[in-house]
DNA sequence: GTGAAAGCGCTAACAA
DNA sequence: TTGTTAGCGCTTTCAC
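Structure follows, in structure tokens:
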């Protein structure tokens, strides 16, 4: 920074306008000679356009906001990377905003990003649909990268995985492996793609009863898995556990080990997400992979296409994938 | 966005300047009446100052750049969170830039950030000191969050952990536990704080020989741990493994399990970093904790103090911490 | 082929 | 107590 259009112009003996045109290639009718001279001086002086000034003028900053619960929760770093890689390709940068799923934080950060004139927002979330409305009212294009979104929000783009179907399949895998008494441990909330529903559907399909005693819902964390398993085992027997995510599966695995119950011998376990260390658990966790990186890059791509070429936002369903390892 | 200072001014029947003064509290000599009237209209209209315009004018954007190898590598998400939390407290935002440790990427991103007029850069890195020089020449204040930095770079702030001492202590722990034939598996590179040196020092201190056959260096990843262990075991016997980081320890643990060698019975293992899932490995990994979150927040704090109050940048040594679990 | 004028939204310095 | 002027660095329009 420091060296401006004017500096270049002065040294080249032309006006700032001409330099601008050359630098941006915005005008064909510049003599080859002038163009070359200017380009040379640009290099000499190490001129770099001031993106802030440019943004102010053009009302486009080539910046994306990334709103997420917490970057230090696995799953999100991959998403972040996907977003940034795609953004970079198109000359965009990304501003990261952790909100801890708090509505106030979200509101505040949206205001922040909007004041900073980001051109669009990728909104990754796990829970409530809190202030979707506020997001919309900001007028900014938004793409929601959602694992579970409650309602349709017209006007927003969406990248999602059918987690209900994913859990349906993970449950079916356990059933296929001979489990008859399958527990379900997950987080507590209503969602468009209800994991619990996927679990119920699979049981029903197989003619197995849904036993409330085998269901535990709290949070998407290790503690929930651990405590859930103990709670369920206090009341009933099980031969399989369907987990709402891999963190829960980690808790379940730990509790099972503590109780001396063999996996997959006595109890089979299946996770969800395929967080990068799941394969290193022991036994390596069988789980359902969600394409986190791809979700991020697809979201950024949609947003940028919209910003740059006015392509409409849309809904995109990405495929999950069973990852068979050693807990089933 | 959309509603400007002028809009507020018009509606309040004052000039834009007055509104600016009221909004920023930059002028005591505004009548209570005017102030109140303006504040009311600001609320009504939902006026939010345009940070881009403000940044251009003031030459301060209240934005930090965060340059790192890869957010999807454990350790960095925590750092990122630390940075963002501290930044937020001071009204700063953070632009995340992954560089995969590539010098070209770093150069390019630094230019990018600089053109965007970020007020400072947090540089988290694991390896080579590539283009430190370029960073400096950008004129931007920089704080390096480093696990291993090669040289002194005057002018830059620095947050670090004495990893050499950390490995010295982790090795000593193994020695104290009775190990005589300790392997060392880590990444290959020279650094200010040389982990390998820490390992050697500890052995020497205990009168134990340093056997090249027991040393393997490649990358900070699972594969290195896995292959390193196999390689070493092909040539010699061991009763302990000091790992350069937790990823390596994961590989070591897996290889050991594969070979039917018990941990910590036959071989003891110690990691480094205390990545958040280390405690869930089996057995739970004994390791050395690096305060990643704190490193991020300390870096951001130093930078912001410098930006806002011209406090000089400095070097800060953060403490590591032995986390005794079940692999030793 | 090139440049002058105007303005993006804001604020510091100075006037009134 | 308030407003005018000027300008941050850039680009668009339109005149030359």
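Chains as they are written, first to last, in the UniProt record's numbering: chain A, 1 to 328; chain B, 1 to 328.
Built from N, CA and C at the ideal position, the CB exists for glycine as well.
Taking the CA atoms as reference points, residue 213/B sits about 27 angstroms from residue 280/A.
Residue ranges of uninterrupted beta strand (DSSP E) with 3 or more members, entirely inside the segment 11-74 of chain B and ordered along the chain, are 63-68.
With respect to the 8 angstroms criterion, residue 102/B and residue 77/A are not classified as neighbours on the basis of their beta carbons.
DSSP, read as helix, strand or coil, puts residue 96/A in strand. A buried status is given to residue 274/A, since no fewer than 16 other beta-carbon atoms sit within 10 Å of its beta-carbon. Of 256/A, 57/A, 241/A, the smallest CA-CA separation from residue 174/A is found for 241/A. Per the coordinates, the alpha-carbon of residue 194/A lies some 22 angstroms from the alpha-carbon of residue 285/A.
Here residue 270/B carries a strand assignment [DSSP, helix/strand/coil]. Setting aside the 5 residues that flank it on each side, residue 8/A is surrounded in the same chain by 19, 38, 41, 42, 45, 47, each with a C-beta closer than 7 angstroms to its C-beta; the list follows chain order. The beta carbon of residue 318/A does not come within 8 angstroms of any beta carbon belonging to chain B, so the residue lies off that interface.
Note that the C-beta distance between residue 270/A and residue 328/A is below 8 angstroms. Excluding five sequence positions before and after residue 119/A, the CB atoms of its chain that fall closer than 7 angstroms to its own CB belong to 60, 61, 62, 63, 64, 307, given in chain order.
Secondary-structure assignment with DSSP links residue 321/A through a beta bridge to 289/A. Taken through DSSP and simplified to helix, strand or coil, residue 116/A comes out as coil.
In chain order, 193, 194, 195, 197, 198 place their CB closer than 7 angstroms to the CB of residue 164/B, counting only its own chain and leaving out the 5 sequence neighbours on each side.
Of the other Cβ atoms in all chains shown, fewer than 16 fall within 10 Å of the Cβ of residue 29/B; this residue is therefore exposed. Here residue 250/A is near residue 225/A, since their CB atoms are less than 8 angstroms apart. In the DSSP annotation of this structure, residue 238/A is not part of any alpha helix (DSSP H), being labelled neither H nor E. Each of 157/A, 201/A, 162/A was checked against the Cα of residue 172/A, and the nearest Cα belongs to 201/A.
Between the alpha carbons of residue 219/A and residue 53/B lies a distance of about 42 angstroms. Contact between the segment 79-87 of chain B and the segment 92-99 of chain A is present: 3 or more CB-CB pairs across the two stretches fall below 8 angstroms. Residue pairing by DSSP places residue 160/A opposite 146/A, 317/A in a beta bridge. Minimum Cα-Cα distance from residue 299/B among the listed residues 114/B, 138/B, 159/B corresponds to 159/B.
Collapsing the DSSP output to three states places residue 305/A in a helix.
Under DSSP, residue 124/B takes part in a beta bridge, and its partners are 145/B.
Residue 290/A counts as buried, since at least 16 other C-beta atoms from the protein chains shown sit within 10 angstroms of its C-beta. Residue burial is scored here from C-beta neighbours: residue 87/A has at least 16 other C-beta atoms within 10 angstroms and is therefore classed as buried. C-alpha of residue 204/B to C-alpha of residue 260/A: approximately 42 angstroms in a straight line. The alpha-carbon separation between residue 3/B and residue 24/A amounts to approximately 30 angstroms. A Cβ of chain B is located within less than 8 angstroms of the beta carbon of residue 282/A. For residue 268/A, no CB of chain B lies under 8 angstroms from its own CB, so it is not counted at the interface with that chain. Contact annotation, residue 296/A with residue 145/A: C-beta distance approximately 7 angstroms; criterion of less than 8 angstroms satisfied. Beta-bridge partners of residue 299/A (DSSP): none assigned. For residue 53/A, the neighbours in chain B by C-beta distance under 8 angstroms run, in chain order, 56.
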